[in-house]
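Q: This is the structure I have questions about; it appears just below.
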Amino acid sequence: MERPPFIFWNHFLPLRRMRLRYLGVGALLVVSCFFFVASCPPVSRPAWVDEVDEVAVALRHPTFSVIKDYERNLPQHSLPPSKGHRPRYLFFPHASWGSGWNNVFQEQLMNTHLAYLSQRAYVFPDYIPRDHPPFPDTLDNGTRHMLHVPMNAFVSGPTGGGPFSADGPDSLVRRSVSEKWWNVVCPPHEVVVVNVGQTMRELGLDDAIDDGGRILTRWASKLLRMEASCVSIEGSSVFNYILFAYRILSAWPSYGPSPTLKYFAWSSLVTGALSRNFHLLSTTPRPPKYLLPSAADVAPYKLTSFKPLHASEPPIPGLLAIHVRRGDYEGHCQGLSFGLAEYNAWNNLGTPKISQRPEFVDFSRPMWPQLPDYLEVPEGDSPQDARFKHCLPTAEEIVARVGKVREEAMMSGTAPNLRRIYVATNGQREWMENLTALLKADGWIVSTSFDMELTLEERAVGQAVDMAIMTAAEAFIGVGFSSMSSNVVQIRLAGGRDPRTIRFW
Ligand SMILES: *[C@@H]1O[C@H](CO)[C@@H](O)[C@H](O)[C@H]1NC(C)=O
Ligand SMILES: *[C@@H]1O[C@H](CO)[C@@H](O)[C@H](O)[C@H]1NC(C)=O
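See below:
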C-alpha cells in the first residue's frame, strides 16, 4: 500500500487522502461498511464473551455489564479480521499502571493522538485501580481481586472507540478498539513488538531531556511507515510521566486541535450522573437538552439513553467548579514544594512567553492558549513557600480567591453571574463543612462531591464525574500540580472554553 507523505503540521492531509481513496474503493467493491459506519449491517456475531466474574460479584463490585455490551458492540469490532484492506493497530501494553487514573489517562490521550498520526487504531485497555481502589478488594485469604473498569465507564470519545469527527462519517478502520478485540485480530505471532528504549536511541531521542513535540513527531513518522498491522509498544512509555510537566507543552500545536481532544466525550455513565444530580449544579431545575435522556428512553432509567457529553456543549451557567485536593495532598504538597516541582502538563500553559522558549523553536506556527495564571512566586516569598500556597490553600485563602475570580469573571464578561460553587474534593468531611460554611457566608450556593448521589458504577468512576462537572462549569479553579486539574484544563480548552475561565489557586 502506498502511503501518503507524512507532514506533521498538516496531519489532516493524510486523513483526507485516505478518505478519498476509501470512498473510491468502497463504491467499487461494495465493501463500504469496512470504512463507514452508516453502511454497516447490524452486528450479528459477538466478538468475544465477557464471562461473569463470580469473585467480583461476591465482593459486591460493580459488573459494568451494560458498558461491556456497549464496547463489544462498537461497529469497528465487527470488521472481519482479515479481508482485503487490513486495519492497522497500535497497542501500549505498558502504561503507567502504578499511578492514579489521571496520570494513566493523560498518557492514553497522547497515545491516541500518536496512533491517529500514524494512521492506526488505538487499542484501549480496562483500567485497574491498583493504588487507590474505590472499593475494598482484598479477599478473606489475603489476595487482592482488583476491579477492572472498562474505558467506556470513563470516556466514550475517540480514546474509547467513539468517532473522530462530529459531522459526517469518519473512517471506521481508524476508530479505537478494545484490548479484547486486539486479542481477536492480532494473534501473538502477528504482533510486531517495538521496544521503547531501543527506538528512542534509534530516533535520536533522549526521553529525559527531549520535549514532547519532538518525541511525538519522530515516533509518529516511524509508526506511520511501518507496514505491520499489529504493533505493540513495549518496555516503557513513549510519553512517560516525567514528560508531563513543562516539556510536554511543545506537543500542543499538534495535539491541542487534534480530533482526539476536539471530540473528547465523557461516558454515558458519567453524563447520566450529571443529569440526575443537576439540581446540585444549577439554579434552574431542568437540565439542558444535552443532559437529558433521549425521549424514547425516559423510563425506565437506562444507561445508554444518555449521549456522551462533549466538552463543546454550552457551559452550566453561573457555576464555578473548584478542585480542592486535600487528603494525601498535605504531605505531597510539602514534597512538591521542597523538590521545586513544576506544574503538571497543561497547567503550565499560562507561563509567560512559552512560545519563545528555545526548546520549542522548531515549531513554525506556535499556538498556545494563554491561561491567566501560572506558577508565580510573589516577591518576598521563597520558591518553596509560593509552591506550597498554590498547592494547598487554607480555607480562608480559598474564599478570598473565589471572590477575586468571581469579580474578574464579571469584569471580563467571561462568566458574568457566578453564584454556585461545586467543590470537587477528596478532603475530610469536617474540614469541608467548615469551608462550605465560609463560602455560604460569602454569598455562594455550595455543593460538594459528598452531596452527589451516585450508583455503585458511578462511584467507581467518581473522579471522572467530578471532572465532567469541572469541564461543564462556566468557570474553573484548579490545583496546578494535579494531573486531574490538568486533564480538566485540556478538555475545557478542547471544547472551546475561554482560557480566561481556567484559573489556579
Ligand atoms: C484466594 O481466594 C481466591 C478466590 O476464591 C482464589 O482465586 C485465590 O487463588 C486464593 N488465593 C490464595 C493464595 O489461596
Ligand atoms: C472546623 O471549625 C471548627 C470551629 O471553628 C473548629 O473547631 C474545627 O477544628 C474545624 N475543623 C477542621 C477539620 O478544620
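Its first residue numbered 12, the sequence shown is counted upward by one per residue in the numbering used here.
Even for Gly, the Cβ is constructed at its ideal location relative to N, Cα and C.
1. One question on the structure: do VAL500 and ASN358 come within less than 7 Å of each other, judged by their Cβ atoms?
2. Are VAL476 and HIS334 touching if we call contact CB-CB under 7 Å?
3. Alpha carbons only, please: which of ALA126, ASN206 and PRO199 is nearest the one belonging to PRO169?
4. Whole-angstrom Cβ separation of LEU347 and ARG398, contact assumed at under 8 Å?
5. With ligand 2 as the reference, list in chain order each residue whose Cβ lies under 5 Å from any of its heavy atoms.
6. Using the three-state DSSP reduction, which class does CYS241 fall into: helix, strand or coil?
7. Give the secondary structure of VAL490 by DSSP, where H, G and I count as helix, E and B as strand, and everything else as coil.
8. Per the DSSP calculation, TRP277 is bridged to which residue(s)?
9. Using DSSP with H/G/I as helix, E/B as strand and the rest coil, what is TYR433?
10. Measure the alpha-carbon distance for PRO514 versus ALA67 and round it to whole angstroms.
11. On the three-state DSSP scale, how would you describe TYR301?
12. Quick check on the DSSP output: the alpha helix (DSSP H) that includes ARG417 runs from which residue to which?
13. If you run the structure through DSSP and keep just helix, strand and coil, what is HIS334?
14. Heavy atom of ligand 1 less than 6 Å from the Cβ of LEU150, yes or no?
15. When burial is assigned at 16 or more other CB atoms within 10 Å of the CB, is ILE409 buried or exposed?
16. Does the count of Cβ pairs from the segment 286-296 and the segment 136-144 closer than 8 Å reach three?
17. Assuming LEU120 and THR271 form a contact by the criterion Cβ under 8 Å, report the distance between their Cβ atoms to the nearest whole angstrom.
18. Do you know how far the Cα of LEU504 is from the Cα of LYS400?
19. Applying the criterion that 16 or more other CB atoms from any shown protein chain within 10 Å of the CB defines a buried residue, is ASN498 buried or exposed?
20. What residue range does the alpha helix (DSSP H) around ILE226 cover?
21. Assuming contact is defined by CB atoms lying nearer than 7 Å, are VAL3 and PHE102 in contact in what I supplied?
22. Closer than 6 Å by C-beta to PHE250: which residues in its own chain qualify, once you throw out the five before and the five after it? Chain order, please.
23. From TYR81 to ILE488, what distance separates their C-alpha atoms?
24. Which residue marks the beginning of the beta strand (DSSP E) containing ILE456, and which one marks its end?
25. Shorter than 6 Å, the distance from the beta carbon of VAL68 to the closest heavy atom of ligand 1, or not?
26. So, ILE480 versus ALA332, is the Cβ gap smaller than 7 Å?
27. Tell me which residue opens and which closes the beta strand (DSSP E) that TYR133 is part of.
28. I need the DSSP call for HIS321, collapsed to helix, strand or coil.
29. Cβ atoms of ALA231 and LEU320: under 7 Å apart, would you say?
30. Considering only C-alpha positions, which residue in the set HIS343, SER494, CYS402 and TRP455 is nearest to GLY329?
31. Using only the alpha-carbon positions, how far apart do SER316 and PHE116 sit?
32. Is the number of C-beta pairs between the segment 254-269 and the segment 216-229 that are closer than 8 Å three or more?
33. May I ask which residues mark the beginning and end of the alpha helix (DSSP H) holding ILE480?
34. Taking only three categories from DSSP, how would you classify VAL203?
35. With DSSP as the reference, identify every bridge partner of SER247, one or two as the case may be.
36. Any chance the CB of THR436 is under 6 Å from a heavy atom of ligand 1?
A: In brief:
1. Cβ atoms of VAL500 and ASN358: closer than 7 Å.
2. In this structure, HIS334 does not lie closer than 7 Å to VAL476 by Cβ.
3. The shortest Cα separation from PRO169 among ALA126, ASN206 and PRO199 belongs to ALA126.
4. LEU347 to ARG398, Cβ: 6 Å. Contact.
5. Those residues are GLU441, TRP442 and ASN445, given in chain order.
6. Correct three-state label for CYS241: strand.
7. Looking at VAL490 - three-state DSSP - the assignment turns out to be coil, as it is neither helix nor strand.
8. Answer is VAL166.
9. Strand, per DSSP.
10. The residue asked about is misnamed: residue 514 is Arg in this sequence, not Pro. Using only the alpha carbons, I get a separation of about 40 Å.
11. Three-state result, TYR301: helix.
12. For ARG417, the enclosing alpha helix (DSSP H) starts and ends at 406-423.
13. It is a strand residue.
14. Yes; taking the cut-off as 6 Å, the Cβ of LEU150 has a heavy atom of ligand 1 nearer than that.
15. Buried, since its Cβ has 16 or more Cβ neighbours within 10 Å.
16. The count of Cβ pairs closer than 8 Å, one atom from the segment 286-296 and one from the segment 136-144, stays below three, leaving the stretches out of contact.
17. About 6 Å separates the two Cβ atoms, so the contact holds.
18. When rounded, the distance between both Cα atoms is 25 Å.
19. By the beta-carbon neighbour count (other beta carbons within 10 angstroms, threshold 16), ASN498 is buried.
20. Counting along the chain, the alpha helix (DSSP H) containing ILE226 begins and ends at 223-236.
21. This structure leaves residue 3 out entirely; the chain is present only between 12 and 516.
22. Around PHE250: GLU118 and MET121.
23. ILE488 has its alpha-carbon roughly 34 Å from the corresponding atom of TYR81.
24. ILE456: member of the beta strand (DSSP E) spanning 456-459, first to last residue.
25. In this structure, the C-beta of VAL68 stays at least 6 Å away from each heavy atom of ligand 1.
26. For ILE480 and ALA332, yes; Cβs fall inside 7 Å.
27. Segment 132-135, the beta strand (DSSP E) holding TYR133.
28. DSSP places HIS321 in strand when its eight states are reduced to three.
29. For LEU320 and ALA231, no; Cβs fall outside 7 Å.
30. It is TRP455 whose Cα lies nearest to the Cα of GLY329.
31. Distance between the alpha carbons of SER316 and PHE116 is about 25 Å.
32. Enough Cβ pairs lie closer than 8 Å, so yes.
33. Note, ILE480: alpha helix (DSSP H), 473-483.
34. Strand.
35. According to DSSP, SER247 bridges with nothing at all.
36. Checking every heavy atom of ligand 1 against the Cβ of THR436, none is found closer than 6 Å.
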